[in-house]
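S.K.: Here you go, one structure.
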Amino acid sequence: NAGVTQTPKFRVLKTGQSMTLLCAQDMNHEYMYWYRQDPGMGLRLIHYSVGEGTTAKGEVPDGYNVSRLKKQNFLLGLESAAPSQTSVYFCASSYPSGRAATGELFFGEGSRLTVL
Amino acid sequence: RKEVEQDPGPFNVPEGATVAFNCTYSNSASQSFFWYRQDCRKEPKLLMSVYSSGNEDGRFTAQLNRASQYISLLIRDSKLSDSATYLCVVNMAGSARQLTFGSGTQLTVLP
Numbered sequence: 011n012a013g014v015t016q017t018p019k020f021r022v023l024k025t026g027q028s029m030t031l032l033c034a035q036d037m038n039h040e041y042m043y044w045y046r047q048d049p050g051m052g053l054r055l056i057h058y059s060v061g062e063g064t065t066a067k068g069e070v071p072d073g074y075n076v077s078r079l080k081k082q083n084f085l086l087g088l089e090s091a092a093p094s095q096t097s098v099y100f101c102a103s104s105y106p107s108g109r110a111a112t113g114e115l116f117f118g119e120g121s122r123l124t125v126l
Numbered sequence: 016r017k018e019v020e021q022d023p024g025p026f027n028v029p030e031g032a033t034v035a036f037n038c039t040y041s042n043s044a045s046q047s048f049f050w051y052r053q054d055c056r057k058e059p060k061l062l063m064s065v066y067s068s069g070n071e072d073g074r075f076t077a078q079l080n081r082a083s084q085y086i087s088l089l090i091r092d093s094k095l096s097d098s099a100t101y102l103c104v105v106n107m108a109g110s111a112r113q114l115t116f117g118s119g120t121q122l123t124v125l126p
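If you're matching them up, the sequences are chains A and B in order. Heads up, the first sequence is in our numbering, so the first residue is 11 and it goes up one at a time. Heads up, the second sequence is in our numbering, so the first residue is 16 and it goes up one at a time.
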């Protein structure tokens with residue numbers, strides 16, 4: 011059972027470089043999310059998607075773009091990386107619900123990004 | 016004020032001890048509440064949901080106090096394997112598809 015898979019797991023960038031993080035899930039989930047986790051800050055939502063072809067901004071979207079061209083994939087892009095984007099990035103997916111998120115997010119193992 | 020606040024700890028307790036964590040939330044219209052567990056350098060995983068009537072899962076008990084806007088997690092007979100960071104998670108009203116995470120409470124169970 012692969013679940014949620016993130017690639018790459020580690021990356022070091024120089025300021026101004028671009029990169030894309032890939033998230034793939036094999037659970038047929040409708041909802042997918044990108045979070046970043048920083049010490050003392052908890053997980054903060056960057057962008058999310060409620061279905062193929064849709065995306066929406068979360069709490070901290072600036073400096074990031076996303077795409078959900080296929081249901082199973084959710085891409086997070088950094089067009090011009092900055093040191094402030096050094097963080098651990100988690101992708102997650104969940105089942106849809108008629109009224110509210112069920113609360114169970116399935117997370118990938120995380121991607122550690124360092125921007126020098 | 017943060018939307019979801021937790022005491023960061025660390026809580027260092029001996030094996031077999033009982034330990035409790037609290038979490039407060041700011042939006043009185045919040046609808047759903049959860050505890051997640053995150054091991055060091057790993058991804059968070061759902062520990063348990065928190066229901067209005069309180070709920071128990073083995074050694075773990077979760078309580079919700081809507082009047083005071085806090086959630087608690089009680090761990091009885093602590094095991095070394097309980098060492099982790101515990102994240103309080105709240106589904107904020109009007110954000111049906113988004114969850115807000117607290118910054119976590121770190122627990123270390125000592126032999």
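Cβ coordinates follow ideal geometry from the N, Cα and C atoms, glycine included.
Let's see if you can read the secondary structure: which residues bound the beta strand (DSSP E) around Y40(B)?
M.R.: Taken as a continuous stretch (DSSP letters only), the beta strand (DSSP E) holding Y40(B) covers 34-40.
S.K.: For G120(A), which residues in chain B fall below 7 Å Cβ to Cβ?
M.R.: Simply E58.
S.K.: Given that E114(A) touches chain B, what residues does it touch there, using C-beta distances under 7 Å?
M.R.: By Cβ distance, chain B contributes L61.
S.K.: Measuring alpha carbon to alpha carbon, tell me which of G13(A), M29(A), Q16(A), T15(A) ends up nearest E89(A).
M.R.: Residue M29(A) is the option with its Cα nearest to E89(A).
S.K.: Ordered along the chain, which non-local residues of its own chain (more than five positions away) have a Cβ less than 8 Å from that of G108(A)?
M.R.: Per-residue confidence for G108(A) stands at a pLDDT of 48, beneath the threshold of 50, marking its modelled position as unreliable; the derived number appears in the next sentence. Excluding residues within five positions, none has a Cβ falling inside 8 Å.
S.K.: On the criterion of 16 or more Cβ atoms from any shown chain inside 10 Å, does C55(B) qualify as buried, or is it exposed?
M.R.: Under this definition C55(B) is an exposed residue.
S.K.: Could you spell out the range, first to last residue, of the beta strand (DSSP E) harbouring P25(B)?
M.R.: That residue, P25(B), is in no beta strand (DSSP E); it is neither H nor E in DSSP.
S.K.: Out of T64(A), G87(A), K81(A), which has the shortest C-alpha to C-alpha gap to G73(A)?
M.R.: Per the Cα distances, G87(A).
S.K.: Helix, strand or coil for P93(A) per DSSP?
M.R.: Residue state, collapsed to three classes: helix.
S.K.: For Q47(A), which of F116(A), A12(A), S103(A), T96(A) has the nearest alpha-carbon?
M.R.: Here the closest residue by C-alpha is T96(A).
S.K.: Q113(B) CB to nearest chain A CB: under 8 Å?
M.R.: It does: the Cβ of Q113(B) has a partner Cβ on chain A nearer than 8 Å.
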